[in-house]
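This report refers to the structure that appears directly beneath it.
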Amino acid sequence: MELHPTSRSTSWAKDRPRQHGNHDGCCGPIFRLPKDHDDALDALREAWIRSQRERVEIACDGGHGRTGTALACIAVLDGVSADKAVKFVRERYNPRAVETPWQRRYVAHFTAD
């Protein structure tokens, strides 16, 4: 898995309506978690699958907590353990990624089920 933050990326959420405020279609308000696990799983699985053939953009307002959480969850989908996924994202993307305890717990309990 490679991480390529870039403004020229193709957004996995381009067909999903963006909500106003600090929300996107998947990961909820700043510092929070997705409200609907199944919706988040579908969106992240779609991003993971699309990343096999095209550049995919994962983003939030701050670019650390929710973005890092989403990236770590995608790594989990790829078979990486939750601990290693968070460590990988922090080393390769941003040391402040997955910034809250509840975001770390979300990654720890994230499964493709």
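Mapped onto my numbering, the consecutive letters of the sequence shown carry residue numbers -3 to 109. All C-beta atoms, glycine included, are put in the ideal place defined by N, C-alpha and C. Note that this is a predicted model, so its numbers are computed, not measured.
Please identify the residue among the options whose C-alpha is closest to the C-alpha of residue i.
| i | options | result |
| --- | --- | --- |
| V103 | D38, D74, A81 | A81 |
| G52 | K83, I70, R88 | This sequence places Val at residue 52; Gly is not what is there. Among K83, I70, R88, the Cα nearest to that of V52 is on I70. |
| R88 | A68, A78, A55 | A68 |
Return helix, strand or coil for residue i, following the three-state DSSP convention.
| i | result |
| --- | --- |
| G59 | coil |
| A104 | helix |
| L71 | Residue identity check: residue 71 is Ala in the sequence provided, not Leu. Correct three-state label for A71: helix. |
May I have the straight-line CA-CA distance separating residue i from residue j, to the nearest angstrom?
| i | j | result |
| --- | --- | --- |
| R92 | L37 | 23 Å |
| R101 | P30 | 13 Å |
| V94 | G64 | 5 Å |
| Q48 | D74 | 11 Å |
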